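Residue numbers (the working numbering), protein chains in the order written: chain E, 168 to 596; chain V, 168 to 596.
Note that beta-carbon positions come from the ideal geometry of N, C-alpha and C, so glycine has one too.
Please read all numbers here as calculations on a predicted model, not as lab measurements.
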C-alpha cells in the first residue's frame, strides 16, 4: 500500500499541482444547488465524483451498503476496512485512463461528476467526540516560554505522555463557515476584576485531526501497535482560540470558553491509505516512552507540508505567514489514540482528534499567531503593509496541506475561515 | 407550577417514602426481559408506566409524535416545552385516583405497568456533549487546600465564573454498569519517572447533572434569564475519578484520562417542573457577578438532599459516608449554561452538564473520598469495621437524592456503581 504506482493516470484532466490526484481520492459530503441533497463524494482534480450515483448505478456495491446517499460518512466508515479498501480500489479503477465505464459514458459523467466550484461542502462526519492534543514540542515549548518559565518551558509530564484534553464536538464546523468574534471574560489588569469584552487576542491554531474509523469498548484500551487500524483518515483543523479568555480561565481545569466557539476543519477526509506512501519517522523520543506507548514501528508519522495564509478584508493577496510540516510532531497519532483509551475511555467512529498546534523549529514555521508575533512583541507585516499580532475582524485565515513524492501529490485542499465582528450585548434591558 | 397540590393521589399504591410520587413522574428508558425492546417510561411508586403503550392506545397524543417507542428521549425533549407540559399533565391525570381510564382497565394496566424490579434501565438520552463544572465553593476550597495552597485555596477566577471543562460524552453510562478500575500513568515518586499502574486512588464525585432541553445556535449565547427555558431536567451523577492519574496529568490542560473512563448517571430524569416546588436561593454571590451572569431571580437553586453510601464487597450493609444538599452550590445551573455559551458555544438537546462535586460545609457533607478522608489522612471507618481512604475493588458506591416538602417527596432514585479489578496488561507479547 505504501508504494506509488506513478504510471496510474485519470481520464479526467488533473493539474500537476492539484491536491486531488487519482492517488488521493478523499471523501466528503457535498450538495449541489439544484437538489440541495447532501451525499458523499470523492474529490478528483477540480471535480467531485458523486458516490451515491455510483451506488445507484451498481458500480460501487459494498458489503452492507448502500452508504453514500447519506448526509455523513459515519455508516460507511463504520462498515470497516474491507469496505474502505474495496471502495478505494473501485473508485480508482473507475477514474483511471484505461477504464471505459465512466470515461466513455457521457450520460453517466453528467450525472456523477460535478465541478467543485458548483457544490457546497458540508461536515464530512457526525463528530461524537472531539479531543485536542498538544503534541508539538516546539509549540509547547514556545507557549511555556511565554506564559510560564523560559527555563522550564516544558512541564514534566509533556515528555512522558501525549497531553490532551476534551474539546467540544458541537462546534466542529466545516471550512467556509464564518466565525463571530467571541466575547467573554478577560482580565487585562491583574489588579482589577475581570471585564466582559469581545476577545482582543483572537488566534488560529494550525493543526491536523485524525478521524476515528473503528471504536473500542468502554474499559478496553487500544494497544499502540493496533492503533493505526482504528484511524480512517485526516483533515486540516483550525482550532480557533481566544488567548485572553484562555489565559484567565484555564487554571486549573484547562481551556474551555477560549476553545469551544469554533474548531474548523477541511471538508475532505484524506484516507490513511492515500497517505501511506508519505510515512516517515516521528522525532526521536527521549526518554523512551513507557511500554504502553512504545510502538514497534518507527514509521509512525507522515511528511505533510502545511501552511497558513492570512487575507485581510480589503487585501488583494493573502500572505503566507507559516510553513511547517506534520512530521515535526513529537507524539504519533497511534500514541495519542492509545493514551486516550488507556484508562478505558471509549472512542467512536467519526471522533476527531486534533494534533495540537503544529510548530516547526524556526519562527516562520510556528503554527499560531501567538508564537509568530511572539506574544504581540513581533507583529507580522503582511503584503499590503498592514501588521498583525492577532486576528482582526474581516481577516480570513487559510490553511493548506499536501504530501508530495516521486511526482505524486496527495493534498488536503484547505480550511478557510473568516472572522466577523463580535455581537453587541445589552445586559440592562 | 411551583405550588404543590398535596391532595393529588394515585390509584397505584405508593409508599410515603417513595421517590416516585405522582408529583414526580421522571422519564427514563427501560426494557423488559420478554421483548427486550427499549422504550420510554415514567416511574411511579415501584412501577414503570410504559409511555409507548399510552401512545399506541391513543391516550397520550403529542404534537409531532409519536415519541416514546424509541431508545432515547431526545426526540421527545427536542419537541419542546408545550409537549413537556402536556405529557406531564396527561400522565398525572391518567395515574390519579379519580381518573378511571387506567385505574379501571385491568388489561391496559397489564400492558402498560411494569414492576421496576422486573425491568432494565438504560441511558435515558443520547448525550451529544458532556461538561463538568466545579461550582461548589466548599469542594473547590478543600481541593485547593490539599493540593495547592491553604492560604489561597480558591483560584482568583473561581469567584468570577462557573469554572468548567469539557468531559467525555462517550463514557456517560447508566447506573448499574460495573466499572473496571482504570490503569494509566502515575507518578508516586517525584524524583522518579512515572510508572504504568492500576489507579491506587480511585474516587467518586457526588454530583448532579442537568439535561439540556433546548439548544442554541453557534455564535448565539443563551442569556442568563432565559437559561432555565433550556433545561429539561436533572439526574444524579457519579463522576468517577482517578486522583493519582489526575494529579500527574492535569497541568496545564486539565483533567483527561483521570475522568474519561466513567461518568455514571441515575436512569430517571427528574423534570424541572417536578422540582419547581423545591426552589431556593443560591448562596449569596460576592462579588456580584458580571452582568452577563447576573440573574434577576434569586430562586435559582433547589433544595435537594443528597447522600453517598459505600458498600464493600462482602459487607451486609452500606455505610452512609456523606449527606449534603444541592443548595450549597455557589453557581446556579442557569449561570453555568450561560457561561458555557457566552463565547458562542453550541449546546444540544441531551447534553449533560455536571455540577461538579457537591460538598457542604462540614466533613460529613463532603462529596468525594478525597475530601472525606482528607487526602488519606483520615480514613473512614465503615459499619463492618473496615476503613477506606479511597475506593477498593468490589466496593459499590450508591448515591441518592430527593426533595421533600409539605409531605410531598420528589426523588431521584439512585446511581449505583461497582468497581471491578483492573485489567492485566502484557506489553512484552
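* To do: Using a Cβ-Cβ cut-off of less than 7 Å, list which residues of the stretch 290-309 of chain V approach chain E; keep chain order.
  => Residues 295, 296, 301.
Which full runs of the alpha helix (DSSP H) of 4+ residues lie inside the stretch 264-334 of chain V, going along the chain? As far as the stretch 264-334 of chain V is concerned, its whole alpha helix (DSSP H) runs of at least 4 residues are 267-270, 273-279, 304-314.
In or out: residue 304 of chain E buried (at least 16 other Cβ within 10 Å) or exposed?
Classification of residue 304 of chain E: buried, given that the 10 Å Cβ count is 16 or more.
| query | Which class does residue 405 of chain E belong to by DSSP, given the choice of helix, strand or coil? | reply | Three-state result, residue 405 of chain E: strand.
key: The beta strand (DSSP E) enclosing residue 375 of chain V, as first and last residue numbers   = Counting along the chain, the unbroken beta strand (DSSP E) around residue 375 of chain V starts and ends at 373-379.
Using the three-state DSSP reduction, which class does residue 459 of chain E fall into: helix, strand or coil? Reduced to three states, the DSSP call for residue 459 of chain E is helix.
Cβ-based contacts, 9 Å cut-off: residues of the stretch 310-336 of chain V near chain E: For the stretch 310-336 of chain V, which is checked against every Cβ of chain E, the residues closer than 9 Å are 310, 311, 314, 315, 322, 323, 324, 327, 328, 330, 331, 332, 333, 334, 335, 336.
Under three-state DSSP, which class holds residue 358 of chain V? It is coil, neither helix nor strand.
By how many angstroms is the C-alpha of residue 561 of chain E removed from the C-alpha of residue 340 of chain V? About 43 Å.
Looking only at its chain, what residues have a beta carbon closer than 8 Å to the beta carbon of residue 575 of chain E, apart from the 5 residues adjacent to it on each side? Answer for residue 575 of chain E: 171, 173, 188, 190, 444, listed in chain order.
Inter-residue spacing [alpha-carbon to alpha-carbon] between residue 414 of chain E and residue 592 of chain E = Rounded to the nearest whole angstrom, the C-alpha separation of residue 414 of chain E and residue 592 of chain E is 23 Å.
Backbone secondary structure at residue 535 of chain E - three-state DSSP
Under the three-state reduction of DSSP, residue 535 of chain E is assigned to strand.
Next item on the list: Confirm, please, whether the CB-CB distance from residue 377 of chain V to residue 334 of chain V is below 8 Å.
Entry: Contact flag unset, no.
(message) What does the alpha-carbon distance come out to for the pair residue 338 of chain V and residue 404 of chain V?
(response) C-alpha separation (whole angstroms): 12 Å.
Counted within 10 angstroms of its Cβ, other Cβ atoms place residue 256 of chain V as buried (16 or more) or exposed
Around the beta-carbon of residue 256 of chain V, fewer than 16 other beta-carbon atoms lie within 10 Å, marking it exposed.
Listed by chain order, chain E residues near residue 410 of chain V by CB distance under 9 Å: Chain E residues near residue 410 of chain V: none, gap ~12 Å exceeds 9 Å.
(request) Return the chain-ordered list of same chain residues with a C-beta closer than 6 Å to the C-beta of residue 328 of chain E, the five sequence neighbours on each side being excluded. (result) Sequence-distant partners of residue 328 of chain E (beyond 5 residues in either direction) whose C-beta falls short of 6 Å from its own C-beta, in its chain, are 506.
(message) Is the separation between the beta-carbon of residue 374 of chain E and that of residue 523 of chain E shorter than 8 Å?
(response) One thing to note: residue 374 of chain E has its Cβ within 8 Å of the Cβ of residue 523 of chain E.
_Contact set for residue 309 of chain V: own chain, Cβ-Cβ below 7 Å, skip 5 residues either direction_ = Residues 526, 533, 538 of the same chain have their beta carbon placed closer than 7 Å to that of residue 309 of chain V, with the five preceding and five following residues left out of the count.
task: Following the continuous alpha helix (DSSP H) through residue 219 of chain V, name the residue where it begins and the one where it ends.
output: It spans 218-223 - the alpha helix (DSSP H) in which residue 219 of chain V sits, taken as one unbroken run.
Handout entry: Cβ-based contacts, 9 Å cut-off: residues of the stretch 400-427 of chain E near chain V
Key = So the list reads 409, 412, 415, 416, 417, 418, 419, 420, 421, 422, 423, 424, 425, 426, 427, given in the order they occur along the chain.
Q: Determine the burial state of residue 483 of chain E: buried for a count of at least 16 other Cβ atoms within 10 Å of its Cβ, exposed for fewer.
A: Within a 10 Å sphere around the beta-carbon of residue 483 of chain E sit fewer than 16 other beta-carbons, which makes this residue exposed.
- Task: Look up residue 383 of chain E in the DSSP assignment and say whether it is helix, strand or coil.
- Result: The answer is coil: DSSP assigns residue 383 of chain E none of H, G, I, E or B.
Worksheet item: Counting only beta-carbon atoms, is residue 244 of chain V nearer than 8 Å to chain E?
Response: For residue 244 of chain V, no Cβ of chain E is located within less than 8 Å of the residue's own Cβ.
* With DSSP collapsed to three states, give me the class of residue 480 of chain V. => Coil, per DSSP.
If residue 300 of chain E and residue 331 of chain E are in contact, beta carbons under 8 Å, what's the gap, nearest whole angstrom? The Cβ separation is near 4 Å, so the contact holds.
Margin query: Excluding the 5 residues flanking residue 168 of chain E on each side, which residues of the same chain have their C-beta closer than 7 Å to its C-beta?
Written below: In this prediction, residue 168 of chain E has a pLDDT of 45, which is less than 50 and means its spatial position is unreliable; nothing more can be read from the coordinates.
Original post:
Which residues, in chain order, does the stretch 443-460 of chain V contribute to contact with chain E at a C-beta distance below 8 Å?
Top reply: Per Cβ criterion, the list reads 454, 457, 458, 459.
inquiry  = Beta-carbon within less than 6 Å of residue 221 of chain E's beta-carbon, same chain only, minus the 5 sequence neighbours each way: which residues are those?
reply    = Counting only Cβ-Cβ distances below 6 Å, and skipping sequence neighbours, we find 227.
Exercise for review: Could you name the residues of the same chain whose beta carbon sits closer than 6 Å to that of residue 212 of chain E, not counting the 5 residues immediately before and after it, in chain order?
Suggested key: The answer, listed in chain order, is 179, 181, 185, 187.
query = Could you give the uninterrupted runs of the beta strand (DSSP E) lying entirely in the stretch 464-517 of chain E, keeping only those of 3 residues or more?
reply = With a minimum length of 3 residues, the continuous beta strand (DSSP E) runs that stay inside the stretch 464-517 of chain E are 472-478, 486-492.
Item to complete: Could you tell me whether the Cβ atoms of residue 351 of chain E and residue 409 of chain E are closer together than 8 Å?
Response: When the beta-carbon positions are compared, residue 351 of chain E and residue 409 of chain E come within less than 8 Å of each other.
- Item | Beta-carbon proximity list for residue 477 of chain E, same chain, < 7 Å, skipping 5 on both sides | So the qualifying residues of the chain are 485, 486, 488, 549, 555, 562, 564.
Next on the checklist: Counting C-beta neighbours from all protein chains within 10 Å, is the total for residue 214 of chain V 16 or more, i.e. buried, or is it exposed?
Outcome noted: When all chains shown are included, residue 214 of chain V counts as buried.
Going by the beta-carbon positions, is the gap between residue 207 of chain V and residue 193 of chain V smaller than 8 Å? Cβ distance not < 8 Å, so residue 207 of chain V and residue 193 of chain V don't count as in contact.
Worksheet item: Among the residues of its own chain, which have a CB less than 8 Å from the CB of residue 422 of chain E, if the five just before and after it don't count?
Response: 332, 408, 413, 416.
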